[in-house]
Amino acid sequence: MFDLTPLEIEALGLSLRVALWSVFVSLPFGLATAWLLARYEFFGKTLLNGVIHLPLVLPPVVVGYLLLVLLGRQGPLGAWLFATFGISLPFTWEGAALAAAVMAFPLMVRAMRLSIESVDQSLETAARTLGASRTNVFATVTLPLIMPGILAGAVLAFARSLGEFGATITFVSNIPGETRTLPLALYSLIQTPGGEAGALRLALLSVLLSLAALAASEAIARRLRARMSD
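Residues 158 to 387 (this note's numbering) are what the sequence shown spells out, left to right.
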């Protein structure tokens, strides 16, 4: 049953590539945003927090459409990217990674922010009174403490990216070998007469992949917590 067909291998490989790039590109921005929201009070913070979490409540198709308006060849940012760097994101796997990153970003930021807020700042203060620079304090005190949160955010974003559908199909369409990830391949099979069995196999594959990612996250987080408690 689990001998993968060429279609499944293609969709699986593309999904993993899209999800990995989605997390890789958004991780530094997610950490910086979580740090900003957790540690600072500034004018417009509520608005920024709302904008970041907007993909959680907006229909994914709306997010995909907004990406298309903004980053399409005629869009304000898309026209500039194409004229300056020759980059065009719609209807490409890079665009699929961007759409997945946008949809997963709130989950990543939320997990990291909770982790940063839980850090006892007196530990950082004590380290600074002993002469450590802010960079050293972050690297040796704060980062180890928030690492489980960073991992949790990254894995949540990875799992969310694997399942992304609405924004992806709106922004990059459903192109075999280019943008047809597991959810899009499943959708195509559902639309095909006699494709129910293939759709079920892809659904099971998606479930197994997501469970494996979450199990790996838990195992890594447990190991980090055990190491910190030693």
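Cβ atoms here follow ideal geometry from the backbone N, Cα and C, with glycine treated the same way.
Counting Cβ pairs closer than 8 Å, one from the stretch 312-330 and one from the stretch 255-273, do we hit at least three?
-> The answer is yes - the stretch 255-273 touches the stretch 312-330, with three or more Cβ pairs under 8 Å.
Enclosing alpha helix (DSSP H) for Ala254 [first to last residue] = For this step, residue 254 is matched to residue 97 along the sequence shown. Ala254 -> alpha helix (DSSP H) spans Trp250 to Glu274.
Helix, strand or coil at Ile332 [DSSP, three-state] | Here residue 332 corresponds to residue number 175 of the sequence shown, with the count starting at 1. If DSSP states are grouped into helix, strand and coil, Ile332 belongs with coil.
Terminal residues of the alpha helix (DSSP H) in which Leu313 lies | Within the sequence shown, the letter at position 156 stands for residue 313. Start and end: Leu300 to Leu319.
Output the distance between the C-alpha atoms of Leu238 and Gly232, rounded to the nearest integer angstrom.
-> Along the sequence shown, one-based indexing puts residue 238 at 81. Along the sequence shown, one-based indexing puts residue 232 at 75. Between the alpha carbons of Leu238 and Gly232 lies a gap of roughly 10 Å.
Expected contact under 8 Å - CB spacing of Phe328 and Ala256 to nearest Å = To locate residue 328, count along the sequence shown from 1; it is residue 171. To locate residue 256, count along the sequence shown from 1; it is residue 99. About 5 Å separates the two Cβ atoms, so the contact holds.
With distances taken Cα to Cα, identify the nearest neighbour of Ser330 among Pro163, Leu366 and Thr249.
-> The residue you call residue 330 lines up with position 173 of the sequence shown. Nearest C-alpha to Ser330: Thr249.
Give the straight-line distance between the Cα atoms of Gly170 and Val208, rounded to the nearest whole angstrom.
-> Along the sequence shown, read from residue 1 onward, the residue named residue 170 stands at position 13. Along the sequence shown, read from residue 1 onward, the residue named residue 208 stands at position 51. Approximately 32 Å between the Cα atoms of the pair.
If you follow the alpha helix (DSSP H) that Ala342 is part of, which residue opens it and which one closes it?
-> The count along the sequence shown starts at 1 and reaches residue 342 at position 185. Ala342 -> alpha helix (DSSP H) spans Leu339 to Ile347.
Nonlocal neighbours in the same chain, by C-beta distance under 8 Å from Gln348, ignoring five residues either side | Your numbering for residue 348 matches position 191 in the sequence shown. Around Gln348, the same chain offers no residue with a beta carbon nearer than 8 Å, after the five sequence neighbours per side are excluded.
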